[in-house]
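K.L.:
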Amino acid sequence: MNFIETLINGLSIGSTYAMIALGYTMVYGIAKMLNFAHGDVIMVGGYMLYVTLTATGNPILGLLAAVVFCMLLGITIEKVAYKPLRGASPLAVLITAIGVSYLLQSTAQIIFGSAPKMVNVASLGNVSFVGLTIPVYVLVTLVCSLVIMTALSLFVKFTRTGRAMIAVSEDKGAAQLMGINVNRIIMITFAIGSALAAFAGLFMLMKSPSLTNTLGAMPGIKAFTAAVIGGIGSIPGAMLGGILMGVVEAISLKIPLIAPYTDAIEFLILILILLVRPTGIMGKKRREKV
Amino acid sequence: MALLEVKDLTVYYGVIQALKGISFEVNEGEIVTLIGANGAGKTTTMQSVIGLIPSRSGSVLYEGQDITKMPCHKIVHLGMSQVPEGRRIFQELTVYENLVMGAYSQKKSASFKEDIDKIYTRFPRLAERKNQIAGTLSGGEQQMLAMGRALMSHPKLLMLDEPSMGLSPLLVDQVFEIIQDINKDGTTILLVEQNAGKSLAISHRAYVLETGSIVLSGTGAELAASESVKKAYLGG
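Chains G and Y are the protein sequences, given in the same order. Going left to right, the first sequence walks through residues 1148 to 1437 as my numbering numbers them. Going left to right, the second sequence walks through residues 46 to 281 as my numbering numbers them.
1) Strictly under 8 Å for the Cβ-Cβ distance: is Gly124 (chain Y) near chain G by that measure?
2) Applying the criterion that 16 or more other CB atoms from any shown protein chain within 10 Å of the CB defines a buried residue, is Gln1252 (chain G) buried or exposed?
3) Note the first and the last residue of the continuous beta strand (DSSP E) segment covering Tyr252 (chain Y).
4) Mind listing the chain G neighbours of Phe135 (chain Y)? Cutoff is C-beta to C-beta under 8 Å, in chain order.
5) Should Met146 (chain Y) be flagged as near chain G, meaning a C-beta pair shorter than 8 Å?
6) Please report the straight-line C-alpha distance between Leu1358 (chain G) and Lys1264 (chain G), rounded to a whole angstrom.
7) So which residues on chain G does Ser198 (chain Y) lean against when the C-beta distance must stay under 9 Å?
8) With 16 other CB atoms within 10 Å as the buried threshold, where does Asp160 (chain Y) fall?
9) Indicate whether Asn1156 (chain G) and Val1285 (chain G) have their beta-carbon atoms separated by less than 8 Å.
10) Go to Arg1233 (chain G), then tell me how far its beta strand (DSSP E) extends in each direction, as first and last residue.
11) Ignore the nearest five residues each way along the sequence and tell me which others in Gly1221 (chain G)'s own chain have a CB closer than 7 Å to its CB.
12) Quickly, what does DSSP pair Phe1276 (chain G) with across the bridge? List them, please.
13) Shorter than 7 Å, the distance from the beta carbon of Pro208 (chain Y) to the closest heavy atom of the ligand PLP, or not?
14) According to DSSP, is Arg1307 (chain G) helix, strand or coil?
15) So if DSSP puts Tyr58 (chain Y) in a beta bridge, which residue, or which two residues, is it bridged to?
16) Taking contact to mean 3 or more Cβ pairs, one atom from each stretch, closer than 8 Å, check whether the segment 163 to 181 of chain Y and the segment 199 to 210 of chain Y are in contact.
17) Using the Cα positions of Ala277 (chain Y) and Leu254 (chain Y), report the straight-line distance between them to the nearest angstrom.
18) Cβ closer than 8 Å: which chain Y residues qualify as neighbours of Arg1424 (chain G)?
19) What number of angstroms, rounded off, separates the C-alpha of Phe1276 (chain G) from the C-alpha of Leu1343 (chain G)?
20) Three or more C-beta pairs closer than 8 Å, one from the segment 1242 to 1250 of chain G and one from the segment 1380 to 1400 of chain G: is that the case here?
21) Buried or exposed: where does Lys229 (chain Y) fall if 16 or more other Cβ atoms within 10 Å of its Cβ makes it buried?
22) Where do the N-terminal and C-terminal ends of the alpha helix (DSSP H) with Gly265 (chain Y) fall, by residue?
23) In this structure, what does DSSP give as the bridge partners for Met1265 (chain G)?
24) Residues of chain G with a CB under 7 Å from the CB of Gln127 (chain Y): which are they?
25) In chain Y, what lies closer than 7 Å to Arg1233 (chain G) by C-beta?
26) Would you verify that the beta carbon of Val121 (chain Y) is, or is not, closer than 8 Å to some beta carbon of chain G?
27) Which residues, in order along the segment 250 to 273 of chain Y, keep a beta-carbon less than 8 Å from a beta-carbon of chain G?
28) Kindly indicate which three-state DSSP category Glu1435 (chain G) falls into: helix, strand or coil?
29) Which residues does DSSP pair with Thr78 (chain Y) in a beta bridge?
30) Would you list the one or two residues that DSSP bridges to Asp1318 (chain G)?
31) Considering only the alpha carbon of each residue, which of G:Ile1151, G:Tyr1164, G:Thr1203 lies closest to Met1365 (chain G)?
32) In angstroms with no decimal places, state the Cα-to-Cα distance between Ser183 (chain Y) and Thr1361 (chain G).
33) Which first and last residues belong to the alpha helix (DSSP H) in which Met125 (chain Y) is found?
34) Return the CA-CA distance between Leu48 (chain Y) and Ile1335 (chain G), expressed in angstroms with no decimal places.
35) At the 8 Å Cβ level, is Tyr149 (chain Y) part of the contact set with chain G, yes or no?
36) With a threshold of 8 Å between beta carbons, is Glu238 (chain Y) in contact with chain G?
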């Protein structure tokens, strides 16, 4: 029973990672860049939640404010920092992304100070059934992310805009020849990724209420690892990679002997998987047919 | 008035001048071919006209409207469509989904069902394979798909870049027949080909492109009879 509780907890952590990993992987697939400021969008969402919660006491309103603000932030970052670098060397884009990351962290520190803020979203307690005791926030995280990820998959597969996203990720030029406005698709991708990050921020703060300006740093790196494990650019890959990371983390934390090395173990898995499959679990090799 | 009028089009890749100010026109209902050797600037011309290469000077008029500074996706919405070099179909989508992408510029596609049936009638192989992943099609089938996809947007001007490349002689004949059919149904065609013999035979007019400049123009028959064209492009 204890193992099942750990597993459910792992799935919940993993779905949080998956939500973040989706932002990395979609932006990579469509704009062909690594947005290393993505983790910090989670943190900004966290502060937005904190501010709204302090003012109104309503967590739903807080979530809404965080989602909307993060979407606008994502769109702005893309417009101001990345769009002018379209076609520039990948190194220039990478260093810009790192710059944006520090800018967000420092701005948050200037506004909110460096002492952690306590964000008590809601006291949800535990729920017991068939001999299992599971915190409610774990279930909320799990159910919410499942719903969101299913909706996202359906959106990408069945809507006009979703299909355009697939087309742009496969061949930007050919997508333009279909009449697709690539800039608009990139903007929408940043908006979606940032909205998912805002949700991830809420899930993280439900788990542990301490909010600092580096909230997004470690989860950002882990989710990026998850995206690479799953195959960067692949949406199901990011979900799988995230879940895998979360489950490994939860199990590892339960074994006293290896618990202190949990982070190292997660990155070790990345190395092992890349040795066997350099493109990640669901990553595709580019095939050219003449 | 010409459907497409290109005046003094110049394109640079960095410091290299790929097109040195070319001018040509395509009238409604015509098949016009650009022939030329590898590296003459044929693909550059095609990509530049439709806005895929944004850095260009000179002017491009489409139905009298200046589209020189217009981005590619807007030009496509005006009724210009292109089968790019190397086909560039969406490998991971199915045949059907590729055709759906082709109709992207048709806002409210009331005629979608009709259009796709038309494509399936014209290319029966695509109907047989509609749920297959496009990347697993043969080269000839991919070419049919690329053409079908380009036709889904009801183009007034269809541009085809090396549609016969890499195909068996039998398929090449078939492709040229289909191009003529499409033209007879009222679509104007701008064709780029290395297969000068076959393309001149179906063209109303043609231009010869050499290292970024147009060196010769005339009707398809005139150019096919020209000594210099015979020598350079028709093998004797």
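In this text, a Cβ means the ideal position worked out from N, Cα and C, and glycines have one as well. A quick note: this is a predicted structure, and the numbers were derived from the prediction, not measured.
P.N.:
Inspection of the coordinates gives the following:
1) No, no contact with chain G.
2) Result: buried.
3) First-last of the beta strand (DSSP E) with Tyr252 (chain Y): 250 to 255.
4) What Phe135 (chain Y) touches in chain G, judged by beta-carbon distance under 8 Å, is Ile1313, Ala1314, Glu1317, Asp1318, Ala1321, going in chain order.
5) The beta-carbon of Met146 (chain Y) is placed less than 8 Å from the nearest beta-carbon of chain G.
6) Rounded to whole angstroms, the gap between the alpha carbons of Leu1358 (chain G) and Lys1264 (chain G) is 5 Å.
7) Correct list: Met1325, Gly1326.
8) That one is buried.
9) With contacts defined as CB atoms closer than 8 Å, Asn1156 (chain G) and Val1285 (chain G) qualify as a contacting pair.
10) DSSP places Arg1233 (chain G) in no beta strand (DSSP E); its state is neither H nor E.
11) Excluding the 5 residues flanking it on each side, Gly1221 (chain G) has same chain C-beta neighbours closer than 7 Å at Val1188, Phe1337, Ala1338, Gly1340, Ser1341, in chain order.
12) Answer is G:Leu1279, bridged to Phe1276 (chain G).
13) Questions concerning the ligand PLP fall outside what the structure shown contains, since it holds no ligand whatsoever.
14) Assigned with DSSP and collapsed to three states, Arg1307 (chain G) falls in helix.
15) Answer by DSSP bridge pairing, in chain order: Y:Ile61.
16) By the Cβ test, the segment 163 to 181 of chain Y is not in contact with the segment 199 to 210 of chain Y, since fewer than three Cβ pairs between them sit closer than 8 Å.
17) Roughly 12 Å between the two C-alpha positions.
18) What Arg1424 (chain G) touches in chain Y: nothing, since even the nearest Cβ is about 18 Å away.
19) Cα to Cα, the separation comes out at about 30 Å.
20) Result no; under three Cβ-Cβ pairs closer than 8 Å.
21) Classification of Lys229 (chain Y): exposed, given that the 10 Å Cβ count is below 16.
22) First-last of the alpha helix (DSSP H) with Gly265 (chain Y): 265 to 270.
23) Its beta-bridge partners are G:Ser1357.
24) Those within 7 Å of Gln127 (chain Y) in chain G are Leu1324.
25) Those within 7 Å of Arg1233 (chain G) in chain Y number zero; the least Cβ separation is about 11 Å.
26) Interface residue, yes.
27) Identification of residues in the segment 250 to 273 of chain Y having a C-beta nearer than 8 Å to some C-beta of chain G yields an empty set.
28) Confidence at Glu1435 (chain G) is low in this model, with a pLDDT of 41, below 50, so the placement of that residue should be treated as unreliable; the coordinate-derived value is given next. When secondary structure is reduced to three states using DSSP, Glu1435 (chain G) falls in the coil class, being assigned neither helix nor strand.
29) Within the DSSP bridge table, the entry for Thr78 (chain Y) names Y:Leu236, Y:Ala251 as partners.
30) When beta bridges are read from the DSSP output, Asp1318 (chain G) appears opposite no residue.
31) Of all alpha-carbon atoms in G:Ile1151, G:Tyr1164, G:Thr1203, the one lying nearest the alpha-carbon of Met1365 (chain G) is that of G:Tyr1164.
32) Near 52 Å, if we compare the C-alpha coordinates of Thr1361 (chain G) and Ser183 (chain Y).
33) No alpha helix (DSSP H) holds Met125 (chain Y); the beta strand (DSSP E) holding it covers 125 to 128.
34) Cα-Cα distance, rounded: 35 Å.
35) Tyr149 (chain Y) counts as touching chain G.
36) For Glu238 (chain Y), no CB of chain G lies under 8 Å from its own CB, so it is not counted at the interface with that chain.
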